[in-house]
Amino acid sequence: MRRSMVSATGLAAALFCLSITAQAADKPRQAARPTGPTSAEVLAASTPTDWRSPDPENLLYMDLAQGRVIIELAPAFAPAHADNIRKLVREGWFDGLAVDRVQDNYVTQWGDADGTRTPKTAQTKLAPEFVVRGPALAKLPFTPLPDRDTYAPEAGFSDGFPAARDRKGGQAWLVHCYGMVGVGRDMALDSGSGAELYAVIGQAPRHLDRNITVVGRVLRGMEVLSALPRGKAAMGFYDKPEDRIPITQVRLAADLPADQRENLIVLRTDTPTWAAYVESRRNRREEFFPIPAGHIDVCNMPLPVRTLDATKDRGR
Numbered sequence: 004m005r006r007s008m009v010s011a012t013g014l015a016a017a018l019f020c021l022s023i024t025a026q027a028a029d030k031p032r033q034a035a036r037p038t039g040p041t042s043a044e045v046l047a048a049s050t051p052t053d054w055r056s057p058d059p060e061n062l063l064y065m066d067l068a069q070g071r072v073i074i075e076l077a078p079a080f081a082p083a084h085a086d087n088i089r090k091l092v093r094e095g096w097f098d099g100l101a102v103d104r105v106q107d108n109y110v111t112q113w114g115d116a117d118g119t120r121t122p123k124t125a126q127t128k129l130a131p132e133f134v135v136r137g138p139a140l141a142k143l144p145f146t147p148l149p150d151r152d153t154y155a156p157e158a159g160f161s162d163g164f165p166a167a168r169d170r171k172g173g174q175a176w177l178v179h180c181y182g183m184v185g186v187g188r189d190m191a192l193d194s195g196s197g198a199e200l201y202a203v204i205g206q207a208p209r210h211l212d213r214n215i216t217v218v219g220r221v222l223r224g225m226e227v228l229s230a231l232p233r234g235k236a237a238m239g240f241y242d243k244p245e246d247r248i249p250i251t252q253v254r255l256a257a258d259l260p261a262d263q264r265e266n267l268i269v270l271r272t273d274t275p276t277w278a279a280y281v282e283s284r285r286n287r288r289e290e291f292f293p294i295p296a297g298h299i300d301v302c303n304m305p306l307p308v309r310t311l312d313a314t315k316d317r318g319r
């Protein structure tokens, strides 16, 4: 009798253990919270050498009634287009033109919608600069991200610009992340000149990569471009000219007195601080994130931008 009682007790204990094990298996496994600084702590610990001041020759100030948009050109990727855009700006090409297209979750576009203007010194069409090859590629800085990219063998940053690289194919290119600025064109590959520009205001349309010349990115003012009324015609164009958003003026920072320039600094993407910042975004350490992603996408990696007297970054 005693042996049967012991067996029954053992069986009950075994069944209880199996039940607990099954319940534990049903619960999602929670990864251990990663250790290390948060994104805010990484930026707070940065030093002046971790930041760079954009070249005034590459900074465009586009003024609308709704606010100012600051664009940094990327001549390392599109030298001919960057030079042509400078010529267009210096001859006042964009002054008095308008934003004529705002397509939801896609782009805001501006330029000569009616085709009534002719550039004075700038080219009307240029050979495409979709990718960088040859000697220019060897000089191009590139800091890869540690995670796999869907659209390219490698993705990362080049002097602060989100980019992709195919070392086997011998080419690199800027990618269509939120805030990137591209050159509008027609079907002909050489039909773009920089006289018509757009900024990505929605989810990254990476299918456009290597099909359109990308010339830079918005450093400040995305809240202006992304909040404009959506166009109701096909592809987000405004169907009435009076609905277009006038451009007051576009100027190069280099052409303005120093006291009229905005002293922006941008986090460098080739330093240990950048590597720590990337890791803090891959595995979020803030209390809000109980499960770290352990992965980062190039278009989900914000670039911190500050003014020289600012105490908080704009890259969160």
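Residue numbers (this note's numbering): 4 to 319. Beta carbons are placed, not taken as given, at the ideal position from N, Cα and C, and that holds for glycine.
If you follow the alpha helix (DSSP H) that residue i is part of, which residue opens it and which one closes it?
i     : result
LEU91 : 82-93
Whole angstroms is fine: what's the gap from residue i's alpha carbon to residue j's?
i      : j      : result
LEU46  : LYS128 : 42 Å
ASP189 : GLY195 : 7 Å
GLY118 : ASP246 : 17 Å
LYS142 : ASP212 : 21 Å
GLU94  : PRO295 : 50 Å
ALA278 : GLY185 : 28 Å
THR124 : MET65  : 20 Å
LYS243 : MET225 : 24 Å
ASP312 : ALA79  : 29 Å
VAL134 : GLU75  : 18 Å
ARG264 : ASN61  : 13 Å
PHE97  : ALA256 : 15 Å
THR52  : ASP262 : 23 Å
ARG71  : GLY197 : 19 Å
TRP54  : ALA236 : 42 Å
GLU132 : PRO293 : 43 Å
THR284 : SER42  : According to the sequence as given, residue 284 is Arg; it is not Thr. Those two C-alpha atoms are separated by around 7 Å.
ALA83  : GLY99  : 24 Å
GLU289 : GLY39  : 10 Å
ILE215 : PHE164 : 16 Å
GLY205 : ALA230 : 11 Å
Would you give the residue range spanned by the beta strand (DSSP E) that residue i belongs to?
i      : result
SER161 : 157-161
ALA141 : No beta strand (DSSP E) holds ALA141; the alpha helix (DSSP H) holding it covers 137-142.
TRP113 : 110-114
THR168 : In the sequence as displayed, the identity of residue 168 is Arg instead of Thr. 164-169 is the extent of the beta strand (DSSP E) around ARG168.
ALA191 : Note, ALA191: premise wrong, no beta strand (DSSP E); not H, not E.
ARG309 : 308-310
ALA202 : 200-203
ARG104 : 101-106
ALA175 : 174-177
VAL186 : 183-186
Take residue i and list the residues in its own chain whose beta-carbon comes closer than 6 Å to its own, dropping the five residues that flank it on each side.
i      : result
GLU157 : PRO147, ARG168
ASP328 : Because residue 328 is not part of the residues shown, which for the chain are 4 to 319, the question remains open.
TYR201 : VAL110, GLN112, GLY185, GLY187
GLY137 : none
Applying the 10 Å Cβ sphere with the 16-neighbour rule, what's the burial state of residue i?
i      : result
SER49  : buried
SER56  : exposed
PHE291 : exposed
ALA298 : What sits at residue 298 in the sequence shown is His, not Ala. Exposed, by the Cβ-count rule.
ARG220 : buried
GLY173 : exposed
THR121 : exposed
ALA25  : At ALA25, the pLDDT of 49 sits below 50, so the modelled position is not reliable; the number obtained from the coordinates is stated separately. So ALA25 counts as exposed.
ASN286 : buried
GLU199 : buried
For residue i, which residues from the same chain have a beta carbon less than 7 Å from its beta carbon, with the 5 sequence-adjacent residues on both sides left out?
i      : result
PHE145 : GLY159, SER161, ALA166, ARG168, ALA175
VAL203 : VAL110, HIS179, CYS180, TYR181, GLY182, MET183
ARG209 : TYR154, VAL178, HIS179
PHE240 : ASP103, ARG104, GLY234
VAL281 : LEU148, ILE299, MET304
ASP152 : ALA158, ALA167, VAL301
VAL92  : LEU63, VAL253, ARG254, LEU255
Excluding the 5 residues preceding and the 5 following residue i in the sequence, name in chain order all residues of the same chain whose CB lies nearer than 8 Å to its CB.
i      : result
ARG67  : Going by the sequence as given, residue 67 is Leu instead of Arg. Hits under 8 Å: VAL102, VAL227, ILE248, PRO249, ILE250, THR251.
LYS171 : PRO156
ARG3   : This structure cannot speak to residue 3, because the chain is shown only from 4 to 319.
Can you find a CB in chain D that lies within less than 8 Å of the CB of residue i?
i      : result
ARG254 : Absence of chain D from the displayed structure is noted, only one protein chain being present.
- Message: Please give the ranges of any beta strand (DSSP E) in the stretch 44-88, keeping only runs that are unbroken, at least 3 residues long and fully inside the region.
- Response: With a minimum length of 3 residues, the continuous beta strand (DSSP E) runs that stay inside the stretch 44-88 are 62-67, 70-76.
- Task: Could you tell me which uninterrupted alpha helix (DSSP H) segments, each at least 4 residues in length, are contained entirely in the stretch 215-281, listed from first to last along the chain?
- Result: 225-228
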